[in-house]
Amino acid sequence: MEQAIIIAASVIAAAVVVGLAAFGAATGDGQVTAKAIESIARQPEAKNSIMVTMLISVGLIESIPIIAAVIAIVLVFSNPFLK
């Protein structure tokens, strides 16, 4: 019974962590994209440079939930709290 509670808590914690990481990444992507659109509206001649920088930034932001998901999966399947 004790192991079942630990496993359930680990799965719930992993889901919360991945969900919060995804929410943070979505918020960050929205802010980066909004600022890039504002920058392109101000300086249309710098569109290519701004787009490249935006795509690199979005890629880096999206790596955070992927890393969080991998860590959560590893912690669920190799739970240090189980005997």
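Here UniProt numbering is used: the first residue of the sequence shown is 1, the next is one more, and so on. We put the CB at the ideal spot given by N, CA and C, even for glycine.
Item: Spatial distance of V17 from P80 (CA atoms); Value: 17 Å
Item: Where F77 falls: helix, strand or coil (DSSP); Value: helix
Item: Environment of A14 [buried if 16+ CB atoms lie within 10 Å]; Value: buried
Item: Whole-angstrom distance between E2 and G59, CA atom to CA atom; Value: 41 Å
Item: Exposure label - P44; buried when at least 16 CB within 10 Å; Value: exposed
Item: CB contact flag (I64, A25, <7 Å); Value: yes
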